[in-house]
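Written out below as structure tokens is the structure these notes cover.
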Amino acid sequence: MTSLSRIGRTAIAGEFVLAVAVIIYAGMHDVKGVFVGAPPGLAAHVAGTCEAAESESTCHVTVTELSQGRYRVATDAPATLLTVAFEAPAVMTKAHHLLVSVPSPTTLQWHHASHGNAAAIEPIKLPGSFARTAIPLPAHDAITAISFAPAMPAPIVVAELGLFEDTRGLLSDERPLFQFIPPQRYHGTLVPRAVMRLCFFTIIAAFFVPASLLRRFNPFILAVVCFSLCLLDLAVLYSPYTARDLRASYASGPMQEIAGSNLNGALWEATRLLHGQGLTVADGLVSWAKMPGYGLFASAAALLFGARTFVDLATATVLLQVLFYSGALGFFTWAAGRLWRPPVVWTLGLLLAMLPKQLGYTQVDSIIAPIALLILATLCLRLAAREEDRPVARIDLVLHLLFAVWFLMRPDVLPGWAIVSLILHARDPRRLLIPIALAAAIGIGWAGYKMRYTGEFVPTTSTTGASLLCGLWEVPSRFPWVCSDESYFAWVSAHTPFEQKSQAASNIVVREVFKFWLTYPGHVIVMVYNKMMRCVGGDLWPGIPTDLQQSVFQIVGRGSLILLFLTTIALAAATGYQRARTLLLAWPLFLNAPLFWIMQTSEGRYYGAVGVAILVAAVPLLFDPDFYRALLERHRATAAVLVGVSVLAIGAWPLHDWLLRNDAFHYWTPFLDASRSSWGVVR
Amino acid sequence: MSRLRGFATLAIAAAGLWLLWSQYLDLARLSWWYNSTNVLQAAPVNPDYDLTTLPWQTVHPRIFELREGALTLTTSDEPYGYQAFATIRANGAHTAGIKFDADVERGGVTIGIQQGGEWIAINSSQSTGPFSGLNSALLGFRRSLMVTIANRNAAGESRVTIKSLRLYLRR
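This is the structure we're talking about:
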């Protein structure tokens, strides 16, 4: 190495360290904003009363603590006035600012000590749309209460309310640098874009950093970087300064929905479990649509981080999800270090950390990606052990335990688990007993537990029928049906004698859906093709992209990136270079994603595992010189794949559009009479 | 070959340094801009220059009429042509801030500050109606700066009344 190289490498290593430090700092700066949402408020006891819009109806006020000294206050019925009294005179003397945010325009009136009733101070018009406002309190007279009057009688909601000594940290975060940039622009655009640029710089710089150092620190640093990137995303999506922070969002959103809804089901299960009421969402009600794992995950979050309130529990669960994702990535990079060079592992780990995520949602789909990462990590360890001719018995046990964890969360892993197990243990079929025993233990255990409540023995969920039915209506068609629980329940009530959420009802729906498939095979083909195209067009990276990802996707579209990775996988398979390894690591693409092409896709939220798998399978190949040599050596196979991919890239969407427009094919009924199907009505 | 590799490594190191510095500089400049415009919003009553004290020179506007503290301007047909400018000495100032209040009657207009032939602060309106703005910029080493008004109407002539325009120089 020349002295020029040495100087350059030293400089790049220094810049790498600096860039990583900045990335980590940027995310860590947002911890309080994301998980707490506001500085501690003054401990004024808040009590509310309301005046119902109709004189004969009653009106009650609910006060929910969001964080220390910050509350959500709401009426349970249409009201003309909501009055909030502050019952701590000693605290009130310290209060100088009122924090308030409301969803719709509302007039704020003051009540103070020297006037019993309406305010002598001018009322304030609050703008609505959850904009946070910090209002200086009148200095001359202590405020005892405030009233909120909507423009029209309606249920009154005050999304945030608190008393503070000063406004520091309420309307903008406290930053040592760049403090004059408004938070929306700073957090929403500038920081994510700057961090994205730094991330890409570290990918180049990693190839110049001493490999031994990178190998040693990759797992730890990437876990911390991942934690930081997760927080950057959450700070954009749940910024307290620009929209609603995580706590206020949950208090005004999922907490107001019926128990057992998508985002609160596991929280109710955890709360009730910790209060000794079993893994149920309400008295005598066990989830018909969920496995038990995510409720247990939320319970673990409550035990680890404390959950005095429901809002605390939601926040604790999101925090555990972020830690789990980061930890899983750390473990993966450690395992991946056995197969690939440190800079390649850095690149792969960073890309995985930069993917759009669903970590702000307290639903099981949010943690499927990290579970898949753990499984892929274990497969890396197994591949490395095989290459070094070491025994894999323990690795196999861990691998199947991780598959079992996925099954405990969601049953869609079963086909993939079964086929991967058959492939891995083809030469030693006795090992198949491990997955069989684990799957049976979970399935039978859950079925036995649920049986007490439902009277049915169902080892997984009772939603196969609902999911298959829903899947039919997620693609454009002239069928007048919609994908919703309500329409499923209505059909079950009208056509079966069974309880709406029962397995018996689901079985009948499954049979009826199969009959529909035979009645309209064209629609089934259109459905599978449409969902497959949406999947590879970008849906397989679910979650809400922020500017951290959008700034990349605006330059290279998601579809193009996915096409690159799929082409790489296809080239490896066609040329035989690392074929088994690549296909094994990409297993969710072949054995998990297609399930959702015939069942409910829900806009891709179930694809978390697929998104990480194609990166793990493809990215290392792109940095492998031997891969390119293999492509040149087997040029016919390479050319065939490239031509095939080109034809697909050019023709796949036009074919899709042609299929959608071709009614003769779409609504073709060659086998069964359409009038005998429950859903055989075309608009 | 190894020497070439060494130069390539140095080039990447330099690019990294530039990236880190430029990210910092961009954010620092933006933060400074927000701060200076905030200061401008609460600016003192007496600016360094205003509409009447700026030494206007016209390019070729149809009407340039300064009366009772307001400027009525009808531009030429040239879609983005300069209409009027006022060249003033920086006198050691490092920051220039501009605050204006106008009413666009037809077409659109651009108001801003130039230094060395480049716009360093620019506000444009392409629609009719009230057009107010404040902007600020760090001044370069040149001794003078220009307050410039330009047409911004691809279709041709514009007409605007500038009710007030204040220039603040900070040292």
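Protein chains in written order, with my numbering: chain A, 1 to 683; chain B, 1001 to 1171.
Beta carbons: idealized from backbone N, C-alpha and C, even for Gly.
Please read these numbers as outputs of a predicted model, since none were measured by experiment.
#1: Go to B/Asn1123, then tell me how far its beta strand (DSSP E) extends in each direction, as first and last residue.
#2: So A/Ile204 contacts chain B; which residues on that side make the cut at Cβ distance below 7 Å?
#3: What residues in the region 1013-1024 of chain B bring their beta carbon closer than 7 Å to a beta carbon of chain A?
#4: At a cut-off of 6 Å, would you count A/Lys125 as near the ligand COA, judging by its Cβ distance to the nearest heavy atom?
#5: Thinking just about the alpha-carbon of each residue, which of A/Thr496, A/Trp541, A/Ala586 and A/Gly337 is nearest to the one in A/Ser678?
#6: Distance check for A/Tyr667 and A/Phe403, CA to CA, integer angstroms please.
#7: B/Ile1063: buried (16+ other C-beta within 10 angstroms of its C-beta) or exposed?
#8: Please report the residue range of the beta strand (DSSP E) in which B/Arg1106 lies.
#9: If we count Cβ pairs, one from each stretch, closer than 8 Å, do we get three or more for the region 186-194 of chain A versus the region 63-72 of chain A?
#10: Going straight from the alpha carbon of A/Phe331 to that of A/Phe217, what length do you get?
#11: Could you tell me which chain A residues have their CB closer than 9 Å to the CB of B/Ala1028, listed as they occur along the chain?
#12: Taking DSSP as the reference, what is the three-state secondary structure of A/Ala113?
#13: Along the chain, where does the alpha helix (DSSP H) containing B/Ile1088 start, and where does it finish?
#14: Could you give the residue range of the alpha helix (DSSP H) that holds A/Pro370?
#15: Given 8 Å as the limit, is there contact between the region 600-616 of chain A and the region 314-326 of chain A, that is, 3 or more CB pairs closer than that?
#16: Exposed or buried, which one is A/Ala382 when buried takes at least 16 other CB atoms within 10 Å?
#17: Kindly identify the DSSP beta-bridge partner or partners of A/Lys125.
#18: Quick check: what's the CA-CA separation for A/Ala372 versus A/Arg676?
#19: Three Cβ pairs or more, each shorter than 8 Å: is that satisfied between the region 295-312 of chain A and the region 255-271 of chain A?
#20: In chain order, which beta strand (DSSP E) runs of at least 3 residues are fully inside the region 9-63 of chain A?
#21: Is it true that the CB of A/Ala85 sits closer than 7 Å to the CB of A/Ala145?
#22: Smallest Cα separation from A/Pro39: which of A/Thr75, A/Val22 and A/Glu165?
#23: Return the residue from the list A/Tyr529, A/Tyr71 and A/Ser502 that minimises the CA-CA distance to A/Pro476.
#24: Quick one: what's A/Ala640 bridged to in DSSP?
#25: Excluding sequence positions up to five away, which residues of its chain have a Cβ less than 7 Å from the Cβ of A/Tyr361?
#26: Could you name the residues of chain A that B/Ser1031 contacts, counting a contact when the two beta carbons are closer than 7 Å?
#27: Quick test of your reading: B/Glu1105 and B/Thr1148, contact by CB under 8 Å. State the CB separation rounded to the nearest angstrom.
#28: Would you say A/Arg390 lies against chain B (beta-carbon separation less than 7 Å)?
#29: On the CB-based measure, 16 or more other CB atoms within 10 Å of its CB, does A/Leu632 come out buried or exposed?
#30: Does chain B have any CB closer than 7 Å to the CB of A/Glu15?
#31: Step through the CB atoms of chain A and report whether any lies within less than 7 Å of the CB of B/Ser1136.
#32: In three-state DSSP terms, what is A/Asp485?
#33: Residues of chain A with CB closer than 9 Å to the CB of B/Asn1123, please, in chain order.
#34: Leaving aside the five residues before and after A/Phe671 along the sequence, list all residues of the same chain whose C-beta is less than 8 Å from its C-beta, in chain order.
#35: Taking the continuous beta strand (DSSP E) assigned at B/Ile1149, which residues delimit it?
#36: Check whether chain B comes within 7 Å of A/Ile24, counting only Cβ atoms and requiring the distance to be less than that.
In brief:
#1: Glu1118 to Ser1125
#2: Those are Ile1012, listed as they occur along chain B.
#3: Cβ contacts with chain A: Ala1013, Gly1016, Leu1017, Leu1019, Leu1020 and Gln1023.
#4: The ligand COA is absent from the structure shown, which contains no ligand whatsoever.
#5: A/Thr496
#6: 40 Å
#7: exposed
#8: Where B/Arg1106 is concerned, the enclosing beta strand (DSSP E) stretches over Thr1095 to Arg1106.
#9: no
#10: 12 Å
#11: Leu177 and Phe178
#12: Collapsing the DSSP output to three states places A/Ala113 in coil.
#13: Counting along the chain, B/Ile1088 falls outside any alpha helix (DSSP H), though it belongs to the beta strand (DSSP E) covering Tyr1082 to Arg1089.
#14: Ile368 to Glu387
#15: no
#16: Note that residue 382 of chain A corresponds to Arg in the displayed sequence, not to Ala. With 16 or more other Cβ atoms within 10 Å, it is buried.
#17: A/Thr107
#18: Those two C-alpha atoms are separated by around 42 Å.
#19: yes
#20: 46-52
#21: yes
#22: A/Glu165
#23: A/Tyr529
#24: Within the DSSP secondary-structure output, A/Ala640 pairs in no beta bridge.
#25: Here the set comprises Leu263.
#26: Phe178, Gln179, Phe180 and Ile181
#27: Rounded, the Cβ-Cβ distance is 20 Å, inconsistent with contact.
#28: no
#29: exposed
#30: True, the Cβ-Cβ gap to chain B drops below 7 Å.
#31: no
#32: helix
#33: Simply none; closest approach about 18 Å.
#34: Residues Leu518, Thr519 and Pro521 of the same chain have their beta carbon placed closer than 8 Å to that of A/Phe671, with the five preceding and five following residues left out of the count.
#35: Ser1144 to Asn1151
#36: No Cβ of chain B is located within less than 7 Å of the beta carbon of A/Ile24.
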